[in-house]
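Q:
In the working numbering, the protein residues as written are 29 to 224.
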């Protein structure tokens with residue numbers, strides 16, 4: 029039996045957007061032309077999904093998340109409330125001639141979020157950044173450069189302070205989860221650099 033798609037009556041979903049089975053789109057959310065949302069996702073109140081953004085399966089976007097054009101969100105990712113994934117490295121409203129920029133004047137450099145990665149509430153991720161698989165971005169971080177898979181980053185600008193397991197707990201210097209004991213093959217030099 030196919031799972032129903034639930035779209036709140038106040039959500040705005042473009043006729044050219046694709047929404048997968050079992051996905052819930054809550055009040056005030058907006059999905060623009062060509063947006064693709066996978067199955068079993070939750071898009072909270074006020075979520076904005078720009079033109080041609082691609083979202084995988086089982087993704088959770090909390091209230092007031094903004095995903096701008098060029099964003100690619102892999103399966104199982106989480107984006108916390110009031111987080112923004114940017115796409116323009118040199119934003120301007122007007123051209124050098126003083127005219128309002130058109131879509132052709134923008135250079136899109138979207139954010140990529142890997143499988144199972146989590147971005148905390150109130151974060152800003154700069155254009156062109158990749159957040160690796162199962163990485164964890166602490167609340168309020170400003171992410172200015174790529175985050176390695178399983179990396180734990182915090183602050184403004186975000187800095188690598190450790191590595192985490194798929195379960196979200198910290199890894200020790202040997203790459204072992206301190207809670208579930210799952211072993212990870214992360215470069216010894218990467219871990220040593222953080223744990224020193």
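Where is the CB? At the ideal position from N, CA and C, for every residue including glycine.
Hey, out of 141, 121, 142 and 139, whose CA is closest to residue 132's CA?
A: Working through the chain shown from its first residue, we reach residue 132 at position 104. That would be 121, whose Cα lies nearest to the Cα of residue 132.
Q: Under 8 Å, do residue 197 and residue 162 count as touching if we go by C-beta distance?
A: Start at 1 with the first residue of the chain shown, and residue 197 comes out as number 169. Start at 1 with the first residue of the chain shown, and residue 162 comes out as number 134. In this structure, residue 162 does not lie closer than 8 Å to residue 197 by Cβ.
Q: Taking residue 134 as the reference, give the member of 70, 83, 123 and 38 with the closest Cα.
A: Residue 134 sits at position 106 when you count from the first residue of the chain shown. Closest by alpha carbon: 123.
Q: So is residue 154 buried or exposed if we call it buried at 16+ other beta carbons inside 10 Å?
A: Within the chain shown, residue 154 is the residue found at index 126, counting from 1. Its Cβ being crowded by 16 or more others within 10 Å, residue 154 is buried.
Q: Buried or exposed for residue 78, please, with buried defined as at least 16 other CB atoms from any protein chain shown within 10 angstroms of its CB.
A: The sequence position of residue 78 within the chain shown is 50, counting from 1. Classification for residue 78: buried.
Q: Reducing DSSP to helix, strand and coil, say where residue 217 ends up.
A: Your numbering for residue 217 matches position 189 in the chain shown. Confidence in residue 217 is poor, its pLDDT being 49 and thus under 50, which makes the residue's placement unreliable; the coordinate value appears in the next sentence. In the structure shown, residue 217 sits in a helix (DSSP, three-state: H, G or I).
Q: Figure out for me which residue from 182, 136, 172 and 152 has the closest Cα to the Cα of residue 166.
A: Working through the chain shown from its first residue, we reach residue 166 at position 138. Cα-wise, what sits closest to residue 166 is 182.
Q: If you run the structure through DSSP and keep just helix, strand and coil, what is residue 132?
A: Locating residue 132 in the chain shown gives position 104, counting from the first residue. Helix at residue 132.
Q: Going by DSSP, what residues sit across from residue 225 in a beta bridge?
A: It is not possible to answer for residue 225, since the shown part of the chain is limited to 29 through 224.
Q: Taking just the CA atoms, how far does residue 136 sit from residue 170?
A: Within the chain shown, the letter at position 142 stands for residue 170. Within the chain shown, the letter at position 108 stands for residue 136. Going from the Cα of residue 170 to the Cα of residue 136 covers about 19 Å.
Q: Hey, out of 201, 95, 37 and 61, whose CA is closest to residue 43's CA?
A: Within the chain shown, residue 43 is the residue found at index 15, counting from 1. Selected option, being the one with the closest Cα: 61.
Q: Buried or exposed, going by whether 16 or more other CB atoms sit within 10 Å of the CB of residue 90?
A: Taking the first residue of the chain shown as position 1, residue 90 is located at position 62. Counting Cβ neighbours within 10 Å, residue 90 comes out buried, since at least 16 surround it.
Q: What did DSSP end up calling residue 35 once you bin it into helix, strand or coil?
A: On the chain shown, position 7 is the one that residue 35 refers to. Strand, per DSSP.
Q: Leaving out the 5 sequence neighbours to the left and right, which residues in its chain are closer than 6 Å to residue 93 when beta-carbon positions are compared?
A: Looking up residue 93 in the chain shown gives position 65. Hits under 6 Å: 75, 107 and 111.
Q: How about residue 87 and residue 72: do their beta carbons lie closer than 8 Å?
A: As a first step, residue 87 is located in the chain shown; it is residue number 59 there, counting from the start. As a first step, residue 72 is located in the chain shown; it is residue number 44 there, counting from the start. For residue 87 and residue 72, no; Cβs fall outside 8 Å.
Q: Would you kindly work out how many angstroms separate the C-alpha atoms of residue 175 and residue 57, rounded to a whole number?
A: The count along the chain shown starts at 1 and reaches residue 175 at position 147. The count along the chain shown starts at 1 and reaches residue 57 at position 29. Looking at the two C-alpha atoms, the distance is approximately 28 Å.
Q: By Cβ distance below 7 Å, which residues in the same chain neighbour residue 217 in space, the five residues on each side in sequence not counted?
A: The count along the chain shown starts at 1 and reaches residue 217 at position 189. Confidence in residue 217 is poor, its pLDDT being 49 and thus under 50, which makes the residue's placement unreliable; the coordinate value appears in the next sentence. Correct list: empty, nothing qualifies.
Q: Span of the beta strand (DSSP E) holding residue 189?
A: Stepping through the chain shown from its first residue, residue 189 is reached at position 161. Membership of residue 189 in the beta strand (DSSP E) is indicated by the continuous run 187-191.
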